[in-house]
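Structure first, then comments.
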Amino acid sequence: MDSDDRLAPSTYRPLLAELSAHAEWDIVEFPVSREHSDSQWREMLFDDKTYRSVYDYWTSCRGYAHSYAWNKLFRRTLFADGLHFEGLIFEDIAFMAEVVRRHPVIHTSSSGQYLYCHSPHGLTHTADGNALLSLLRSNLRAAHNAGLRFLSQREGTYVAAAEADCYLSLLNIQLSVINTTAAEPLPPSHTTAAEPLLPSHRLHLSREHLSHCPTLLKVAALNLIGLRRLCQLSRLVP
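Okay, so the sequence shown: first residue is 7 according to our numbering, each after it adds one.
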């Protein structure tokens, strides 16, 4: 739990009781209320549902969009063989990538609430190219460990509908990496930032895409010219 955040009263007790009562659950995830830069609070709520497949959790529950460690309770046995990673930026997604590799049973709960306070000096708002590259790599690792198929399918093919939102999320991170590193000298170990790490695929246009012009243009360009050229174009057009 971050030092400037807090929990709604009586959050842990009923969730721990639920975890104790269901031996097959490895993780219980509970709702989040996030404070944004406009001082407004927005809630991320969950249905009471158990995911026995990490693929289903990562796709239908959009696990990549709330890959936090702080709004989850973990069963200790999940880490019986240890968990080793250090020196990583955006450590929550790096941690969750390793958790997903263990194929846990995850239960989302409608009970409790984590209150995430806005910090203008936090990593989310100050990340440089090196940090964003680390974020991208950890997200790709998590998607691989969750079994998403677009990471191994032939480039230029269409992403399955169930995986499209995750691919679009990774595309946004990839473009942020490309745009940020265009103006930053990176150490030699990060020279791959100049080339996209995300495989180049196509996305079917959905109703959501049609209702949001920036996303529509991005998907249309991806389908027309491919990811590498889209990255080159993104560098030229702020």
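Glycine included, each C-beta is placed from N, C-alpha and C at the ideal position.
Distance between residue j and residue i (C-alpha atoms, nearest Å)
i, j, result
"R19", "L233", "47 angstroms"
"L211", "V225", "7 angstroms"
"F96", "R155", "24 angstroms"
"K55", "P202", "36 angstroms"
"S195", "H113", "The predicted model places S195 with a pLDDT of 47, which falls under 50 and marks its position as unreliable; any figure quoted below should be read in that light. In a straight line, the C-alpha of S195 is about 39 angstroms away from that of H113."
"D53", "I231", "39 angstroms"
"E30", "F85", "15 angstroms"
"P15", "A152", "33 angstroms"
"F101", "A133", "18 angstroms"
"R12", "L236", "41 angstroms"
"L192", "H207", "Residue confidence is low: L192 scores 46 on pLDDT, short of 50, so the model does not pin down where it sits. No coordinate-derived value is stated."
"L89", "P110", "14 angstroms"
"R40", "L51", "11 angstroms"
Residue from the options whose Cα sits closest to the Cα of residue i
i, options, result
"L176", "I99, S217 and V106", "I99"
"S45", "A166, S125, H207 and S116", "S125"
"H215", "A167, S182, S206 and Y122", "A167"
"R81", "H28, H150 and Y63", "H28"
"L141", "Q119, D87, L204 and L89", "L204"
"G118", "N229, R68, E169 and K78", "K78"
"R213", "A170, D11 and T65", "A170"
"Y74", "N145, T83, P220 and R108", "N145"
Which residues DSSP lists as bridging residue i, in chain order
i, result
"V34", "L79 and H113"
"M50", "V38"
"T56", "H113"
"Y164", "R208"
"L13", "Y120"
Assumed close pair residue i, residue j - CB separation to whole angstroms, cut-off 8 angstroms
i, j, result
"S115", "V34", "6 angstroms"
"I179", "L121", "With 8 angstroms as the limit, I179 and L121 do not qualify as a contact, their Cβ atoms being about 26 angstroms apart."
"H72", "V105", "That pair is no contact at about 13 angstroms."
"L174", "L222", "Wrong, their Cβ atoms sit about 11 angstroms apart, outside the cutoff."
"V183", "G135", "6 angstroms"
"Y63", "A149", "12 angstroms between Cβ atoms; not a contact."
"L25", "F36", "At roughly 11 angstroms, the Cβ-Cβ gap does not stay under 8 angstroms, so L25 and F36 are not in contact."
"A103", "R147", "4 angstroms"
"C123", "D10", "5 angstroms"
Buried versus exposed, by CB contacts within 10 Å (16 or more), residue i
i, result
"D32", "buried"
"A23", "exposed"
"L239", "exposed"
"R143", "buried"
"T187", "buried"
"H218", "exposed"
"T198", "Unreliable positioning characterises T198 in this predicted model, as indicated by a pLDDT of 49, which lies under 50. The coordinate reading is nonetheless provided below. Exposed, because fewer than 16 other Cβ atoms sit within 10 Å of the Cβ of T198."
"E161", "exposed"
"E49", "exposed"
"V243", "exposed"
"T163", "exposed"
"T17", "buried"
"T65", "buried"
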